Amino acid sequence: MIVDRSYQNILFPFEQLPVCGFPVVKLKHTFDIILSWEEIIKLTNKSNMENRCIKHWERDVINYQVKQVECKKLKPIKDALKEFFPNTTQDTDLYGSFENSAGGFKLHSDPESTILHVQQGEVIINVVTGSMSYIFDMKQNDMIYIKRKIKHAVIGLTPRFLTSYGIHY
38 MIVDRSYQNI LFPFEQLPVC GFPVVKLKHT FDIILSWEEI IKLTNKSNME NRCIKHWERD
98 VINYQVKQVE CKKLKPIKDA LKEFFPNTTQ DTDLYGSFEN SAGGFKLHSD PESTILHVQQ
158 GEVIINVVTG SMSYIFDMKQ NDMIYIKRKI KHAVIGLTPR FLTSYGIHY
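For the sequence shown, my numbering assigns the number 38 to the initial residue and increments by one for each residue that follows.
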């Protein structure tokens, strides 16, 4: 397998997503929308009480998946996606861990295209397409677009949370 780390330096304009032909690409955007740790804790606690929070255990570390996040602060991104992809449905989830570990979500593919937006912390995103593996170093406010059915893994380097915008066709 060939590993390409230089591909992360290519930035694709967020506004041109509807014509993006790449299976994965880091996005250039002007959104300055970051959830604070306090907002993340509130969303996680609220969804836990409403049974919309899934906890994944990995080596004694809890990774959280908060389903169907409703947060006014994220509305500009959600509105842009509705405009870009009018014949689709979108959902917003929150993923991450409050703990410092190299754990995360193992290699998987999603049935929907996904935009991952780092809210807090640092992660490495590994994307595998055929015989190529692409590595992306991601920090706060970085975004990446991953086309549906493309294998990827999110590896946490610090306590971290990402919003995931799913685009369902």
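For each residue, glycine too, the CB sits at the ideal point set by N, CA and C.
Please read all numbers here as calculations on a predicted model, not as lab measurements.
{"query": "Spatial neighbours of PHE122 in its chain, beta-carbon cut-off 7 Å, leaving aside the 5 residues before and after", "result": "PRO55 and ILE204"}
{"query": "Range covered by the alpha helix (DSSP H) that runs through LYS115", "result": "112–121"}
{"query": "contact_flag[the stretch 43–53, the stretch 164–183] where n(CB pairs < 8 Å) is 3 or more", "result": "yes"}
{"query": "Contact check, SER146 vs LYS188, beta carbons under 9 Å", "result": "yes"}
{"query": "ASN88 classed as buried or exposed, judged by whether at least 16 other C-beta atoms fall within 10 angstroms", "result": "exposed"}
{"query": "Residue burial classification, GLY167 (beta-carbon count within 10 angstroms, cutoff 16)", "result": "exposed"}
{"query": "Continuous beta strand (DSSP E) stretch holding SER146: start and end", "result": "Looking at the DSSP string, SER146 is not in any beta strand (DSSP E), and its letter there is neither H nor E."}
{"query": "For LEU111 and GLN156, the rounded distance between their alpha carbons", "result": "11 Å"}
{"query": "Own chain, CB closer than 8 Å to ILE77, minus 5 neighbours either side, in chain order", "result": "LEU131, GLY133, GLN156, GLN157 and PHE198"}
{"query": "C-beta atoms of GLY141 and GLY58 nearer than 9 Å", "result": "no"}
{"query": "Anticipated Cβ contact below 8 Å, TYR202 with GLN102, distance rounded", "result": "Not quite, the Cβ-Cβ distance comes to about 14 Å (not below 8 Å), so this is no contact."}
{"query": "Beta-carbon contacts of VAL62 that lie in its chain and below 6 Å, excluding the five residues immediately before and after", "result": "PHE49 and TYR182"}
{"query": "Of the listed residues THR200, MET38, ALA190 and GLU52, nearest to LYS119 (C-alpha basis)", "result": "GLU52"}
{"query": "Beta-bridge pairing of CYS108 - partner residues as DSSP gives them", "result": "The partner list for CYS108 (beta bridge, DSSP) is empty, contrary to what the question assumes."}
{"query": "Under the three-state DSSP convention, the category SER84 falls into", "result": "helix"}
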